[in-house]
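See structure below.
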Amino acid sequence: MSRHWKIALTAGTAALSLTGCGPQYSTQATQQVQTQQLQQAHQGHLAAGSAATVTTTGQLRTYYIAADELRWDYAPDGTNDITGEPFTPEEEVFTKQGPNRVGHKYWKALYRGYTDASFTQRIARPTTCAATAKVCDDTLGMLGPVIRAAVGDSIKVVYKNNTTRPTSIHPHGVFYQKNGEGAPYDDGTSGAAKADDAVPPGATFTYNWQVPDRAGPGPMDGSSVLWMYHSHTDEVADTNAGLIGPMVITARGKADPATGTPLDVDREIFSYYTVENENVSPYLDRNLQDLAGPPHVIAPGDEDAFTESNLMHSINGYVYGNGPVPTVRRGERVRWYTFTLGTEVDLHSPHWHGNTVTTNGMRSDMLQLLPGMMMVSDMVPDNPGTWLLHCHVNDHIVAGMQMRYRVT
Ligand SMILES: [Cu+2]
190 MSRHWKIALT
200 AGTAALSLTG
210 CGPQYSTQAT
220 QQVQTQQLQQ
230 AHQGHLAAGS
240 AATVTTTGQL
250 RTYYIAADEL
260 RWDYAPDGTN
270 DITGEPFTPE
280 EEVFTKQGPN
290 RVGHKYWKAL
300 YRGYTDASFT
310 QRIARPTTCA
320 ATAKVCDDTL
330 GMLGPVIRAA
340 VGDSIKVVYK
350 NNTTRPTSIH
360 PHGVFYQKNG
370 EGAPYDDGTS
380 GAAKADDAVP
390 PGATFTYNWQ
400 VPDRAGPGPM
410 DGSSVLWMYH
420 SHTDEVADTN
430 AGLIGPMVIT
440 ARGKADPATG
450 TPLDVDREIF
460 SYYTVENENV
470 SPYLDRNLQD
480 LAGPPHVIAP
490 GDEDAFTESN
500 LMHSINGYVY
510 GNGPVPTVRR
520 GERVRWYTFT
530 LGTEVDLHSP
540 HWHGNTVTTN
550 GMRSDMLQLL
560 PGMMMVSDMV
570 PDNPGTWLLH
580 CHVNDHIVAG
590 MQMRYRVT
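Position in the sequence shown counted from 1, then plus 189, gives you my numbering.
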């Protein structure tokens with residue numbers, strides 16, 4: 190059977206011309222990013238003689254992202270900011286450093302943005318932003334930088350692996366081919382189509398992805414959709430090490446050309462709910478040796494308690510309300526992007542106190558998440574105050590999966 194899905198991604202360059210600015214902005218660019226090996230690989234999935242081609246006519250959006258090994262603090266305030274009290278003994282199970290207990294600081298691998306391909310200057314993450322700021326990444330926490338594009342655009346991620354293990358970037362939702370999937374498995378490819386799967390320590394690899402209509406909002410979506418990217422070389426270990434970030438695709442013609450943010454939204458906030466399992470992080474032993482108290486050897490009978498102490502029930506890598514408090518204004522259009530990864534304990538049900546949201550057109554003050562889900566909820570706050578935002582699962586509440594947001 191013949192397929193007439195024509196794709197023109199050929200080697201290399203993007204011609205980009207910008208005319209004007211603001212909402213009338215238009216671009217004319219044709220991306221041709223495709224190697225012969227890729228074409229051959231792709232043809233393996235299509236009828237003989239067919240070609241695989243995607244033509245994009247929007248902007249080329251380039252990101253420089255590295256995986257860096259950092260000491261992350263799940264509770265930088267050292268106290269329970271939800272209760273306003275010191276940690277209780279029950280909360281200290283997860284937060285107190287001591288003999289063979291790591292506490293709330295762990296070595297992790299996190300995606301971080303850089304200014305250019307030299308990877309010498311990390312893009313600073315703001316700690317606070319003006320309430321009027323349209324784009325503000327002050328609450329991303331452990332997450333990687335937000336990758337943004339509009340339907341019709343192309344995305345180029347220059348990736349440097351600064352960690353001691355092979356890692357990758359695997360994107361959800363956008364159009365990638367076998368040289369940009371970032372996941373090793375027996376898929377019938379070889380050679381150049383495998384280079385993306387596991388970027389060696391110290392090496393750099395460039396991922397090229399396209400953003401066709403099917404990567405953008407569907408019939409029930411608003412003006413933008415949430416995807417995520419994460420390392421998929423050793424998926425479970427890599428993601429529990431912290432290698433995950435958000436990606437937003439805005440509908441064609443509905444994105445601010447400069448920032449890629451949806452024009453009909455005043456403020457975007459990202460929340461990643463997960464039980465970060467430091468027991469399966471590749472840095473577990475390093476954490477036990479470097480950051481726990483002596484004797485650095487788990488005694489027989491202490492395994493379960495040690496394991497429990499390393500389950501960090503976090504939102505963006507913060508527990509018990511530590512981390513910045515997102516602040517929004519009454520009457521503005523707030524878009525909450527919420528996602529999760531994990532295992533069978535990662536059934537999360539975020540609950541906004543004080544205000545309501547619509548998700549896929551349905552009203553609630555709750556959200557349902559299963560591992561791997563990515564949800565978009567819109568809020569027009571009408572109720573000023575400092576409000577709780579927490580997972581409604583009982584075990585997760587007591588283990589710290591709580592934060593606050595503020596409406597002024
Ligand atoms: Cu939960």
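The beta-carbon is built from N, C-alpha and C at its ideal position, and this holds for glycine as well.
Note that the coordinates shown come from a computational prediction; the quantities given were computed from them, not determined experimentally.
Asked	Found
From HIS465 to THR597, what distance separates their C-alpha atoms?	Looking at the sequence itself, residue 465 is Glu, so the reference to His does not match. C-alpha separation (whole angstroms): 32 Å.
Answer with buried or exposed for ARG519, where buried requires no fewer than 16 other C-beta atoms within 10 angstroms of its C-beta.	exposed
Indicate, with yes or no, if ligand 1 has a heavy atom lying under 7 Å from the CB of VAL508.	no
Under 7 Å from any heavy atom of ligand 1, does the C-beta of ARG263 make it?	According to the sequence provided, residue 263 is Tyr. The question's Arg does not apply to it. Flag unset: Cβ of TYR263 not near ligand 1.
For the alpha helix (DSSP H) containing SER412, list its first residue and its last residue.	Unbroken run through SER412: none, as it is neither H nor E.
If you measure between the beta carbons of ILE358 and MET436, is that distance less than 8 Å?	no
Within 10 Å of its beta-carbon, does ASP375 have 16 or more other beta-carbons around it, so buried, or fewer, so exposed?	exposed
For THR352, is the classification buried or exposed, using 16 other Cβ atoms within 10 angstroms of its Cβ as the cut-off for buried?	buried
For ligand 1, I want to know if CYS580 counts as a neighbour, meaning its beta carbon is within less than 7 Å of at least one of the ligand's heavy atoms.	yes
Could you give the residue range of the alpha helix (DSSP H) that holds ASN476?	473-479
Between the segment 505-516 and the segment 452-465, can you find at least three pairs of beta-carbon atoms closer than 8 Å?	yes
So, with DSSP's three-state summary, where would you put GLN228?	With a pLDDT of 35 at GLN228, under the threshold of 50, the predicted position of this residue should be treated as unreliable, and no value is reported.
Taking C-beta to C-beta, are VAL517 and PRO570 nearer than 8 Å?	yes
For GLY405, which residues from the same chain have a beta carbon less than 6 Å from its beta carbon, with the 5 sequence-adjacent residues on both sides left out?	VAL340, ILE438, ALA440
Could you tell me the distance, in whole angstroms, from the CA atom of ASP266 to the CA atom of GLN591?	14 Å
Could you name the residues of the same chain whose beta carbon sits closer than 6 Å to that of ALA478, not counting the 5 residues immediately before and after it, in chain order?	Residue 478 is actually Gln in this sequence, not Ala. Once the five neighbours on either side are set aside, the close Cβ partners of GLN478 are HIS485.
Taking 7 Å as the cut-off, does the CB of MET590 come closer than this to any heavy atom belonging to ligand 2?	Among the ligands in the structure shown, ligand 2 does not appear; only ligand 1 can be found there.
So the alpha helix (DSSP H) THR284 belongs to, where does it begin and stop?	278-284
Using a Cβ-Cβ cutoff of less than 6 Å, which residues in the same chain neighbour THR532 once the five nearest sequence positions on both sides are dropped?	none
For ligand 1, any of its heavy atoms closer than 7 Å to the Cβ of TYR461?	no
So is the beta-carbon of HIS537 under 7 Å away from any non-hydrogen atom of ligand 1?	yes
I'd like to confirm the pairing. Which residues does DSSP put opposite LYS294 in its beta bridges?	ASP262
Count the C-beta pairs between the segment 533-541 and the segment 559-570 that are closer than 8 Å, then say yes if the count reaches three, no if not.	yes
Along the chain, where does the alpha helix (DSSP H) that runs through VAL425 open and close?	424-430
Please classify GLU279: is it buried, with 16 or more other beta-carbons within 10 angstroms of its beta-carbon, or exposed?	exposed
Within the chosen definition, does the segment 413-422 reach the segment 312-326 through at least 3 CB pairs nearer than 8 Å?	no
Given this structure, state the Cα-to-Cα distance separating HIS421 from GLY377, to the nearest angstrom.	18 Å
Out of curiosity, what's the CA-to-CA distance linking VAL291 and ASP453?	44 Å
Should HIS585 be listed as close to ligand 1, given that the test is whether its C-beta is under 7 Å from any heavy atom?	yes
Could you check which residue in THR284, VAL425, ASN572, TYR253 has the C-alpha nearest to that of THR511?	Going by the sequence as given, residue 511 is Asn instead of Thr. For ASN511, the nearest C-alpha among the options comes from THR284.
Taking just the CA atoms, how far does TYR303 sit from GLU497?	35 Å
For GLY247, which of helix, strand or coil comes out of DSSP?	coil
Are the CB atoms of ASP584 and ARG522 nearer to each other than 8 Å?	no
Can you tell me the Cα-Cα spacing of ASN499 and GLU467, whole angstroms?	5 Å
CB-CB under 7 Å to CYS325, same chain, minus the five flanking residues each way: which ones, in chain order?	PRO315, CYS318
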